[in-house]
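Below: one structure, written as structure tokens.
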Amino acid sequence: MTIQLIKASREQLDTIMDVYRRCKKDLDEKGMLQWNDQYPSREYFEEVMDNGNLYVLMVDGEVAGSATLNEWQSPEWSEIPWELKDEWVIHALFLDPLQQGNGLGKIFMEQCEELAGEKGYRSIRLDAYSRNTGAKALYEKMGYEYRGSVHFTTKPEGHQEYRCYEKAVTL
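Just so we're on the same page, the numbering used here is the position in the sequence shown counted from 1, plus 194.
Structure follows, in structure tokens:
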């Protein structure tokens with residue numbers, strides 16, 4: 195199996211959207227209403243792609259997942275007692291439900307960490323929907339430290355809490 199994390203291209207956008215829709219449907223069916231029509235949307239993916247911040251996880255030449263990697267941090271995060279500096283931030287990370295359960299999530303995160311180190315970042319920050327037990331377990335198992343929770347009022351009532359994590363990147 196060949197696995198690589200690369201910058202997304204325009205030609206991949208339809209596939210990225212197909213994988214995203216499968217992922218969102220899977221989460222919605224599990225009662226995890228973490229994404230809506232506004233975020234992430236096709237326009238969001240186009241914008242971050244145009245800024246060079248959209249990456250895809252390729253497995254044997256096929257898009258298996260996607261993530262936005264950049265320095266932008268949500269204003270809600272300003273209250274979190276972060277401990278590390280020189281951070282890169284992971285947003286809208288998703289892995290095709292058809293590819294889940296075989297260790298690809300861990301590999302995806304390791305590839306993000308490796309790329310962050312190559313780009314000179316010393317830490318990674320991200321948030322995870324509080325009810326997404328799979329994502330939280332993965333991040334914690336990989337050494338991400340919980341720093342506090344934030345509430346996004348743009349999310350549906352009862353689905354607004356997100357846990358913030360950070361991890362030092364080893365160079």
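Beta carbons: idealized from backbone N, C-alpha and C, even for Gly.
It should be emphasised that the depicted structure is a prediction, and the values quoted were computed from it without experimental measurement.
(message) Taking 8 Å as the limit between beta carbons, can you name the residues of its chain near A362, skipping five residues before and five after?
(response) Against the sequence shown, residue 362 aligns to sequence position 168. The answer, listed in chain order, is L278, R316, S317.
(request) Give me the Cα-Cα distance between P291 and L199, rounded to the nearest whole angstrom. (result) Within the sequence shown, numbered from 1, the residue matching residue 291 stands at position 97. Within the sequence shown, numbered from 1, the residue matching residue 199 stands at position 5. When rounded, the separation of the alpha-carbon atoms in P291 and L199 is 18 Å.
(request) Pull up the CB-CB distance for L289 and A331, whole angstroms please, since I reckon it's below 8 Å. (result) In the sequence shown, residue 289 corresponds to position 95, counting from 1. In the sequence shown, residue 331 corresponds to position 137, counting from 1. Between A331 and L289 the Cβ distance is about 14 Å, and since that is not below 8 Å, they are no contact.
(request) State the beta-bridge partners of M252 as determined by DSSP. (result) Here residue 252 refers to the residue found at position 58 when the sequence shown is read from its first residue. Q198, V257, per the DSSP bridge assignment.
(request) For L251, I'd like the list of residues in its chain whose CB is within less than 6 Å of its CB, leaving aside the five on either flank, ordered along the chain. (result) Stepping through the sequence shown from its first residue, residue 251 is reached at position 57. If we look at L251 and ignore the five residues flanking it on each side, its Cβ neighbours are L199, A258, G259, F302.
(message) For I210 and K313, what's the separation of their Cα atoms in angstroms?
(response) In the sequence shown, the residue the question calls residue 210 occupies position 16. In the sequence shown, the residue the question calls residue 313 occupies position 119. Roughly 24 Å between the two C-alpha positions.
(request) With DSSP collapsed to three states, give me the class of G342. (result) Here the question's residue 342 lines up with position 148 in the sequence shown. It is a strand residue.
(request) Identify which residue in R236, D231, Y356, A202 has its Cα closest to the Cα of R325. (result) Residue mapping note: residue 325 aligns to position 131 of the sequence shown, counting from 1. Per the Cα distances, Y356.
(message) For S317, list the residues DSSP reports as bridge partners.
(response) As a position in the sequence shown, residue 317 is number 123, starting the count at 1. As a beta-bridge residue in DSSP terms, S317 pairs with E281, A362.
(request) Could you tell me whether the Cβ atoms of C306 and L248 are closer together than 8 Å? (result) Taking the first residue of the sequence shown as 1, we reach residue 306 at position 112. Taking the first residue of the sequence shown as 1, we reach residue 248 at position 54. When the beta-carbon positions are compared, C306 and L248 stay at least 8 Å from each other.
(request) Assign E281 to buried or exposed, taking buried as 16 or more other Cβ atoms, counted over all protein chains shown, within 10 Å of its Cβ. (result) Residue mapping note: residue 281 aligns to position 87 of the sequence shown, counting from 1. Buried: at least 16 other Cβ atoms inside 10 Å.
(message) Whole angstroms are fine: how far does the CA of R216 sit from the CA of A202?
(response) Translated into positions along the sequence shown, residue 202 becomes position 8. Translated into positions along the sequence shown, residue 216 becomes position 22. For A202 and R216, the distance between alpha carbons rounds to 18 Å.
(message) Suppose you measure from the CA of S272 to the CA of Q206; what does that come to, to the nearest Å?
(response) Along the sequence shown, one-based indexing puts residue 272 at 78. Along the sequence shown, one-based indexing puts residue 206 at 12. Here the C-alpha atom of S272 lies approximately 34 Å from the C-alpha atom of Q206.
(request) Could you check the C-alpha separation between P269 and V344 for me, to the nearest Å? (result) Within the sequence shown, the letter at position 75 stands for residue 269. Within the sequence shown, the letter at position 150 stands for residue 344. Rounded to whole angstroms, P269 to V344 spans 10 Å at the Cα level.
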